[in-house]
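Student: Please see the structure below; I have some questions.
In my numbering, the protein residues as written are 601 to 814.
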């Protein structure tokens, strides 16, 4: 596993994927600044992942794949869903997540994963579990906060170009680093901090290049 701040940094490579997918799928021009941003971001990803003798694990790749999927969703929201209500988009998104989670959890209930897999990532490989009232309270708080946050983010991507809106999400890295330290005493090492800075710099370069182009 990896500290939550490093996982968040992997997720925030999404502006790089937005840039690449926009160029590949829609023929948007990539200038020198954007190429520089991709290179800087790639170095940042390497610093965060820190591949060693054991190589890169699947848990380190997951945030990068999530970033690619997030980028696709951001592009679709801006290009095709500007006239849709934020509530409709958010509702569809949450329903899709709920159905996917229910199916995957049911699979692991019927076909349990190995004890090693469950011990490594119980949130990912466990089946259905009985929970108490305190858990439901925590779940409600998380759901409420996520709903508000996603509603605001969805509306932002409808109103602004993707590369503009994405830059403001970097405040998440500061929050996740703080709460990771506060609740779990997890702190990224020096190389990971350098990588996080590089990833943020990459997003800033992309945004500035976009504004200059406009």
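Heads up, the beta-carbon is just placed ideally off N, CA and C, and yes, glycines get one too. These figures come from a predicted structure and were not determined experimentally.
1) Less than 8 Å between the C-beta atoms of residue 795 and residue 645, yes or no?
2) Considering residue 786, what are the terminal residues of the alpha helix (DSSP H) in which it resides?
3) With 16 other CB atoms within 10 Å as the buried threshold, where does residue 606 fall?
4) Got a sec? Which residues, its chain only, sit under 6 Å from residue 713 by beta carbon, not counting five neighbours each side?
5) I'd like to know whether the C-beta atoms of residue 648 and residue 792 end up nearer to each other than 8 Å.
6) What is the DSSP secondary structure of residue 628, reduced to helix, strand or coil?
7) What span of residues does the alpha helix (DSSP H) with residue 705 cover, start to end?
8) What would DSSP say about residue 683, mapped onto helix, strand or coil?
9) With residue 637 and residue 799 assumed to form a contact (beta carbons below 8 Å), what rounded beta-carbon distance in angstroms separates them?
10) Is it buried or exposed, residue 834, if we count other Cβ atoms within 10 angstroms and call 16 or more buried?
11) So, with DSSP's three-state summary, where would you put residue 775?
12) Within the same chain, show all residues whose beta-carbon is closer than 6 Å to that of residue 622, passing over the 5 residues directly before and after it, in chain order.
13) Could you pull out every residue in the same chain whose Cβ sits closer than 7 Å to the Cβ of residue 705, ignoring the five residues on either side in sequence?
14) Compare the beta carbon distance of residue 755 and residue 801 with 8 Å and say whether it is the shorter of the two.
15) From residue 806 to residue 731, what does the alpha carbon distance come to, in whole angstroms?
16) In angstroms with no decimal places, state the Cα-to-Cα distance between residue 653 and residue 660.
Tutor: The short version:
1) Position 195 of the chain shown, counting from 1, holds the residue named residue 795. Position 45 of the chain shown, counting from 1, holds the residue named residue 645. Yes.
2) Counting from one through the chain shown, the residue named residue 786 turns up at place 186. That residue, residue 786, is in no alpha helix (DSSP H); it is neither H nor E in DSSP.
3) Within the chain shown, numbered from 1, the residue matching residue 606 stands at position 6. So residue 606 ends up on the buried side.
4) Indexing the chain shown from 1 puts residue 713 at position 113. 725.
5) The count along the chain shown starts at 1 and reaches residue 648 at position 48. The count along the chain shown starts at 1 and reaches residue 792 at position 192. Their beta carbons are under 8 Å apart, which means residue 648 touches residue 792 by this criterion.
6) Taking the chain shown and counting its residues from 1, the one referred to as residue 628 is at position 28. Three-state result, residue 628: coil.
7) Residue 705 sits at position 105 when you count from the first residue of the chain shown. Unbroken alpha helix (DSSP H) run through residue 705: 686 to 710.
8) Residue 683 sits at position 83 when you count from the first residue of the chain shown. If DSSP states are grouped into helix, strand and coil, residue 683 belongs with coil.
9) Taking the first residue of the chain shown as 1, we reach residue 637 at position 37. Taking the first residue of the chain shown as 1, we reach residue 799 at position 199. Actually they are not in contact, since the Cβ atoms of residue 637 and residue 799 sit about 10 Å apart, beyond 8 Å.
10) No statement about residue 834 is possible, as the shown extent of the chain runs from 601 to 814 and does not include it.
11) One-based indexing of the chain shown puts residue 775 at position 175. Looking at residue 775 - three-state DSSP - the assignment turns out to be helix.
12) Residue 622 sits at position 22 when you count from the first residue of the chain shown. Here the set comprises 628.
13) Taking the chain shown and counting its residues from 1, one reaches residue 705 at position 105. Taken in chain order, the residues that qualify are 727, 728.
14) Here residue 755 corresponds to residue number 155 of the chain shown, with the count starting at 1. Here residue 801 corresponds to residue number 201 of the chain shown, with the count starting at 1. Going by C-beta atoms, residue 755 is not nearer than 8 Å to residue 801.
15) As a first step, residue 806 is located in the chain shown; it is residue number 206 there, counting from the start. As a first step, residue 731 is located in the chain shown; it is residue number 131 there, counting from the start. If I take the Cα positions, the gap works out to 44 Å.
16) Within the chain shown, residue 653 is the residue found at index 53, counting from 1. Within the chain shown, residue 660 is the residue found at index 60, counting from 1. Bear in mind that the predicted position of residue 653 carries a pLDDT of just 47, short of 50, making it unreliable; the figure below should be weighed with that in mind. Distance between the alpha carbons of residue 653 and residue 660 is about 15 Å.
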